[in-house]
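I have placed the structure first, in the form of structure tokens, so that the comments after it can refer back to it.
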Amino acid sequence: MLLIELQKMESATAKIGTQKRDLPIRMNELDAEFQTLCAAMEGEQEELENLKKLKREKDGLLQKGQETLRKAKERLTEVKTNKEYQSILKEIETIGTKNGQIEDETISLIDQLEEREKVVKAKKEELEGQRRCYEEGKAKMAQELDSLASALEESQTKSDVLKKQVPADMLRKYEQIKNAGRGVAVVPVWKEVCDGCHMHIPPQLYNELQKFKSLITCPNCSRIIYWENRNG
Ligand SMILES: [Zn+2]
Numbered sequence: 001m002l003l004i005e006l007q008k009m010e011s012a013t014a015k016i017g018t019q020k021r022d023l024p025i026r027m028n029e030l031d032a033e034f035q036t037l038c039a040a041m042e043g044e045q046e047e048l049e050n051l052k053k054l055k056r057e058k059d060g061l062l063q064k065g066q067e068t069l070r071k072a073k074e075r076l077t078e079v080k081t082n083k084e085y086q087s088i089l090k091e092i093e094t095i096g097t098k099n100g101q102i103e104d105e106t107i108s109l110i111d112q113l114e115e116r117e118k119v120v121k122a123k124k125e126e127l128e129g130q131r132r133c134y135e136e137g138k139a140k141m142a143q144e145l146d147s148l149a150s151a152l153e154e155s156q157t158k159s160d161v162l163k164k165q166v167p168a169d170m171l172r173k174y175e176q177i178k179n180a181g182r183g184v185a186v187v188p189v190w191k192e193v194c195d196g197c198h199m200h201i202p203p204q205l206y207n208e209l210q211k212f213k214s215l216i217t218c219p220n221c222s223r224i225i226y227w228e229n230r231n232g
């Protein structure tokens, strides 16, 4: 029966249409997931840059401190009084202590930097793997979208060809039922159960259906029904 073919083709078309509509949503989700990973990586990188900046600042401070120390020691050779000598010695000690602190802080910073660099390197490698996955996934989806578009076109064309073959009054009835029955007008019946509404149809009607002489509709959901032999 042409209507069965038409219904099958239209259902297939609708299914492809749904897939084609949903795929870009999945693609956007994939984009967002990867963007999140990239943003996290940027955060890690930023933290590393902050540590490097801090290290540069400490290096500058230490350089200045060492310069101050050198100058103080120079002054030591030019002093005239013991009091002045003691005072500069004290100054040298203070500068030395401060420089020592900066050196300690620098050593701790170097440790942190090394640790962070290791983490960032590992995460970068991880991200590269994720990027490959993402790009492959994206390319696959784009390909899928292309094939869905052509499958949809083909399916729609086939539906249109079938529609032209169906007698006008039959097609009108089909469209009417389709609009009332949530998009499906023709459904199979097996073992007295309608596939559209899952209700039992009377045995007499089931017998009639198997003989297949006229257009029969389900007494419950009003869809056009046909007997589908599922015994293989
Ligand atoms: Zn039904």
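Quick note on the numbering used here: the sequence shown kicks off at 1 and runs consecutively. Glycine is no exception: its CB is placed at the ideal position from the N, C-alpha and C atoms.
Selected residue, minimal CA-CA separation from Gln-66, among Gln-86, Glu-47, Glu-91 and Gln-156: As a first step, residue 66 is located in the sequence shown; it is residue number 66 there, counting from the start. The shortest C-alpha separation from Gln-66 is found at Glu-91.
So, for Ala-235: in the same chain, excluding its five sequence neighbours on each side, which residues have a beta-carbon less than 8 Å away from its beta-carbon? The question about residue 235 has no answer, for the chain in this structure spans 1 to 232.
Identify the continuous alpha helix (DSSP H) that holds Pro-24 and give its terminal residues. The residue labelled residue 24 in the question sits at position 24 within the sequence shown. Taken as a continuous stretch (DSSP letters only), the alpha helix (DSSP H) holding Pro-24 covers 2 to 78.
CA-to-CA distance, Gln-86 to Leu-69, given in whole angstroms: Locating residue 69 in the sequence shown gives position 69, where the first residue counts as 1. Locating residue 86 in the sequence shown gives position 86, where the first residue counts as 1. Going from the Cα of Leu-69 to the Cα of Gln-86 covers about 15 Å.
Exposure label - Gln-7; buried when at least 16 CB within 10 Å: Working through the sequence shown from its first residue, we reach residue 7 at position 7. Flag for Gln-7 reads buried.
Bridge partners for Thr-81 per DSSP, in chain order? Residue numbering aside, residue 81 sits at position 81 when the sequence shown is read from its first letter. Paired residues: none, contrary to the question.
Closest to Ser-155 by CA distance: which of Leu-30, Ser-11 and Phe-34 is it? Position 155 of the sequence shown, counted from the first residue, corresponds to residue 155. Looking at the Cα atoms, Ser-11 is the closest of the given residues.
Identify the continuous beta strand (DSSP E) that holds Pro-188 and give its terminal residues. For the purposes of this step, residue 188 is taken as residue 188 along the sequence shown, with counting starting at 1. Its beta strand (DSSP E) spans residues 186 to 190.
I want to check one thing, is the minimum distance from the CB of Val-187 to the heavy atoms of ligand 1 below 8 Å? The residue labelled residue 187 in the question sits at position 187 within the sequence shown. Yes, ligand 1 has a heavy atom inside 8 Å of this Cβ.
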